[in-house]
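S.K.:
Below, the structure is given as structure tokens:
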């Protein structure tokens, strides 16, 4: 006799689709946060959340696209939204620095919450900044695992109010026409502030596409040209505008903008250089901008910043370099600019291990790059990272580089074999690592097994 289907969890309704579940969950969260909720409200909210995860995320049943099989346990934790536990389709960063899927964190904020769900930090604003690096990494992982990552829904509407246009024009006229340098400086500072605080205001650049070039030209006036604060403010204005997706092409097509950012990378103080790197990273979300930025010479100053910058500046530089190197042509530029040397030393110094390993793993798709990594004692460095790193993603990236080294240089298998006989790192990783790390570790172990077999046969 067939067993009856299990009953839905308390409070769950079988005929509800994902939108209906989200609406009901919002109502329940609002009731809970209002302080007038009974125990049954919390039970119903938990059931609704579980049902929503099944309907929308499909953990253990469906892939990102909703119709493909996926092993949820193999998904890197970095790619999962802390709220929904699903793969992030549109990862965004909030003020606390934490990354969430856009839809989940918007619902959290819509329910009246003004704190970060993970850190419990009270937030001064709820601006969402697209995390293009994580989105790119998720896209790569999905491609490697046969999954389809849906296109990001257009969340931004380029609707600019008359009030916003008027505010922009009032500030900008002071930047370009004020009779005093003090008035121009204050107007530049005001524009930096409003583009930071008001995400909708950034869309005004679409109505005034020549504004960036005009602002940069205004810097040549007496009293502004050699002021480091003016330079940092202007760089940050470009960074703030670049966060708005529709502005990326506008800024990339501007004849002055990218060259100005690269000049600031070379000549500015640490604040200007860091924000310039962050702007380049944001703009490089477009392949057309990646190509322009690479050709105009951004790689040298970015790598110098990666080596000599503050910790924040180093992270901004690493993100920009990684994003630029997603374009094949920029990888050879990075290699000629010394990225392997700098990244290897960062790993050895334990100063920027996670970011450096991500860059090297990306470069290791090319044999020439792998040979350079090998020359810098890459085998020993990757083995040490696999043994000592506490980050699964870093172990995976080190494993990717090591696999490439052993593929292109079979003599390095002996070095790996000697380390494995003492530490057993690859065997352990083949059982406990991420899906990609397990696959690469098993591949090297199989190469070692065949080599030992051939060695015994020849005897």
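In the UniProt record's numbering, the protein residues as written are 1 to 459. Here a beta-carbon is modelled for each residue, glycine too, at the ideal position from N, C-alpha and C.
(1) Could I get the ranges of all uninterrupted alpha helix (DSSP H) runs contained in the segment 325–378, with 4 residues as the minimum, in chain order?
(2) Taking the continuous alpha helix (DSSP H) assigned at residue 143, which residues delimit it?
(3) Tell me the start and end of each unbroken beta strand (DSSP E) in the segment 66–106 that is at least 3 residues and wholly inside, in chain order.
(4) One question on the structure: do residue 300 and residue 274 come within less than 8 angstroms of each other, judged by their Cβ atoms?
(5) Just how far apart, CA to CA, sit residue 180 and residue 356?
(6) Since residue 429 and residue 399 should fall inside the 8 angstroms C-beta cutoff, what is the C-beta to C-beta distance between them, to a whole number of angstroms?
(7) Using the beta-carbon count (16 or more within 10 Å), is residue 374 buried or exposed?
(8) Near residue 416, what residues of its chain come up, given a Cβ to Cβ distance below 8 angstroms and the 5 sequence neighbours on each side ignored?
(9) Whose C-beta lies closer than 7 angstroms to the C-beta of residue 413 among residues of the same chain, with five residues either side of it excluded?
(10) Residue 113 to residue 98, Cα distance in whole Å?
(11) Taking all protein chains shown into account, do 16 or more other C-beta atoms lie within 10 angstroms of the C-beta of residue 248, making it buried, or fewer, making it exposed?
(12) Counting only the same chain and skipping the five closest in sequence on each side, list residues whose C-beta sits under 8 angstroms from that of residue 125.
(13) What's the C-alpha gap between residue 88 and residue 303?
(14) Given that a residue counts as buried once 16 or more other Cβ atoms are within 10 Å of its Cβ, and exposed if not, what is residue 74?
(15) Can you give me the start and stop residues for the alpha helix (DSSP H) that residue 289 sits inside?
(16) Could you round the C-beta distance between residue 324 and residue 284 to whole angstroms and report it? I think they count as a contact, below 8 angstroms.
(17) Is residue 230 near residue 268, with beta carbons less than 8 angstroms apart?
(18) Which same chain residues, not among the five before or five after residue 266, have their C-beta less than 7 angstroms away from its C-beta?
(19) At what residue ranges does the segment 403–450 contain a whole run of the alpha helix (DSSP H), taking only runs of 4 or more?
(20) Who are the Cβ neighbours of residue 388 in its own chain at under 7 angstroms, not counting the five residues just before and after it?
(21) Would you mind sorting residue 237 into buried or exposed? The rule is 16 or more other CB atoms within 10 Å of its CB.
(22) Give the single residue among 298, 260, 340 whose Cα lies nearest to the Cα of residue 366.
(23) Mapping the DSSP letters down to three states, classify residue 127 as helix, strand or coil.
(24) Counting Cβ pairs closer than 8 angstroms, one from the segment 115–124 and one from the segment 162–174, do we hit at least three?
(25) In angstroms, rounded to a whole number, what distance separates the CA positions of residue 309 and residue 150?
(26) Would residue 328 be called buried (16 or more neighbouring beta carbons within 10 Å of its own) or exposed?
(27) Taking the straight line between their C-alpha atoms, what separation do you get for residue 436 and residue 396?
(28) With distance defined between alpha-carbon atoms, name the residue in 351, 217, 296 nearest to residue 311.
(29) Can you check whether the CB of residue 221 is closer than 8 angstroms to the CB of residue 184?
(30) Would you list, in sequence order, the uninterrupted alpha helix (DSSP H) runs of no fewer than 4 residues that lie entirely inside the segment 224–275?
(31) Quick one: what's got a C-beta closer than 7 angstroms to residue 241's C-beta in the same chain, skipping five residues either side?
(32) Report the residue from 253, 90, 423 whose alpha carbon sits nearest the alpha carbon of residue 136.
(33) For residue 119, count the other beta carbons within 10 Å of its own beta carbon; 16 or more makes it buried, fewer makes it exposed. Which is it?
(34) Beta-carbon separation of residue 258 and residue 293 under 8 angstroms?
(35) How big is the Cα-Cα spacing for residue 279 and residue 210?
(36) Just to confirm my understanding: we take residue 199, look at its own chain, exclude 5 residues before and 5 after, and list those with CB closer than 6 angstroms. What are they?
M.R.: The relevant details are as follows:
(1) 328–336, 339–348, 353–363, 367–375
(2) By one-based count along the chain shown, residue 143 stands at place 143. Here the alpha helix (DSSP H) through residue 143 covers 132–144.
(3) 91–93, 99–101
(4) On the chain shown, residue 300 is found 300 positions in, with the first residue counted as 1. On the chain shown, residue 274 is found 274 positions in, with the first residue counted as 1. Against a cut-off of 8 angstroms, the Cβ pair of residue 274 and residue 300 comes out as no contact.
(5) Locating residue 180 in the chain shown gives position 180, where the first residue counts as 1. Locating residue 356 in the chain shown gives position 356, where the first residue counts as 1. Rounded to the nearest angstrom, the two C-alpha atoms are 46 angstroms apart.
(6) Here residue 429 refers to the residue found at position 429 when the chain shown is read from its first residue. Here residue 399 refers to the residue found at position 399 when the chain shown is read from its first residue. At roughly 6 angstroms, the Cβ-Cβ gap stays under 8 angstroms, so residue 429 and residue 399 are in contact.
(7) Residue 374 sits at position 374 when you count from the first residue of the chain shown. It is buried - the Cβ of residue 374 has at least 16 other Cβ atoms within 10 Å.
(8) Numbered from its first residue, the chain shown carries residue 416 at position 416. Result list for residue 416: 379, 383, 402, 406, 426, 444, 448, in chain order.
(9) Sequence index remark: in the chain shown, residue 413 carries index 413 (1-based). Same-chain partners within the cutoff: 406, 447, 448, 451.
(10) In the chain shown, counting from the first residue as 1, residue 113 sits at position 113. In the chain shown, counting from the first residue as 1, residue 98 sits at position 98. Rounded to the nearest angstrom, the two C-alpha atoms are 15 angstroms apart.
(11) As a working note, residue 248 is residue 248 in the chain shown. The residue in question, residue 248, is buried, as its Cβ has 16 or more Cβ neighbours within 10 Å.
(12) The residue labelled residue 125 in the question sits at position 125 within the chain shown. Correct list, in chain order: 95, 197.
(13) Locating residue 88 in the chain shown gives position 88, counting from the first residue. Locating residue 303 in the chain shown gives position 303, counting from the first residue. If I take the Cα positions, the gap works out to 30 angstroms.
(14) Along the chain shown, read from residue 1 onward, the residue named residue 74 stands at position 74. So residue 74 counts as exposed.
(15) Locating residue 289 in the chain shown gives position 289, counting from the first residue. Taken as a continuous stretch (DSSP letters only), the alpha helix (DSSP H) holding residue 289 covers 287–295.
(16) Position 324 of the chain shown, counting from 1, holds the residue named residue 324. Position 284 of the chain shown, counting from 1, holds the residue named residue 284. Indeed they touch by this definition, with Cβ atoms about 5 angstroms apart.
(17) The residue you call residue 230 lines up with position 230 of the chain shown. The residue you call residue 268 lines up with position 268 of the chain shown. No, these two residues do not count as a Cβ contact at 8 angstroms.
(18) Position 266 of the chain shown, counted from the first residue, corresponds to residue 266. So the list reads 301, once near-sequence residues are dropped.
(19) 412–423, 425–432
(20) One-based indexing of the chain shown puts residue 388 at position 388. Cβ neighbours of residue 388 beyond the five flanking positions: none.
(21) The residue given as residue 237 occupies position 237 in the chain shown. It counts as buried.
(22) For the purposes of this step, residue 366 is taken as the residue at position 366 of the chain shown. Of the listed residues, the one whose Cα sits closest to residue 366 is 340.
(23) Start at 1 with the first residue of the chain shown, and residue 127 comes out as number 127. The answer is coil: DSSP assigns residue 127 none of H, G, I, E or B.
(24) no
(25) To locate residue 309, count along the chain shown from 1; it is residue 309. To locate residue 150, count along the chain shown from 1; it is residue 150. Spanning the two alpha carbons is a distance of roughly 37 angstroms.
(26) Mapped onto the chain shown, residue 328 falls at position 328. The residue is exposed, with fewer than 16 neighbouring Cβ atoms inside 10 Å.
(27) Working through the chain shown from its first residue, we reach residue 436 at position 436. Working through the chain shown from its first residue, we reach residue 396 at position 396. Each residue's alpha carbon lies about 7 angstroms from the other.
(28) In the chain shown, the residue the question calls residue 311 occupies position 311. Looking at the Cα atoms, 351 is the closest of the given residues.
(29) Here residue 184 is taken as the residue at index 184 of the chain shown, counted from 1. Here residue 221 is taken as the residue at index 221 of the chain shown, counted from 1. In this structure, residue 221 lies closer than 8 angstroms to residue 184 by Cβ.
(30) 228–243, 247–253, 257–267
(31) By 1-based counting over the chain shown, the position of residue 241 is 241. Here the set comprises 195, 202, 205, 247, 251.
(32) The residue given as residue 136 occupies position 136 in the chain shown. Nearest of 253, 90, 423 to residue 136, Cα basis: 90.
(33) Here residue 119 refers to the residue found at position 119 when the chain shown is read from its first residue. Label assigned to residue 119: exposed.
(34) As a position in the chain shown, residue 258 is number 258, starting the count at 1. As a position in the chain shown, residue 293 is number 293, starting the count at 1. Against a cut-off of 8 angstroms, the Cβ pair of residue 293 and residue 258 comes out as a contact.
(35) Locating residue 279 in the chain shown gives position 279, where the first residue counts as 1. Locating residue 210 in the chain shown gives position 210, where the first residue counts as 1. Using only the alpha carbons, I get a separation of about 18 angstroms.
(36) Residue mapping note: residue 199 aligns to position 199 of the chain shown, counting from 1. Counting only Cβ-Cβ distances below 6 angstroms, and skipping sequence neighbours, we find 127.
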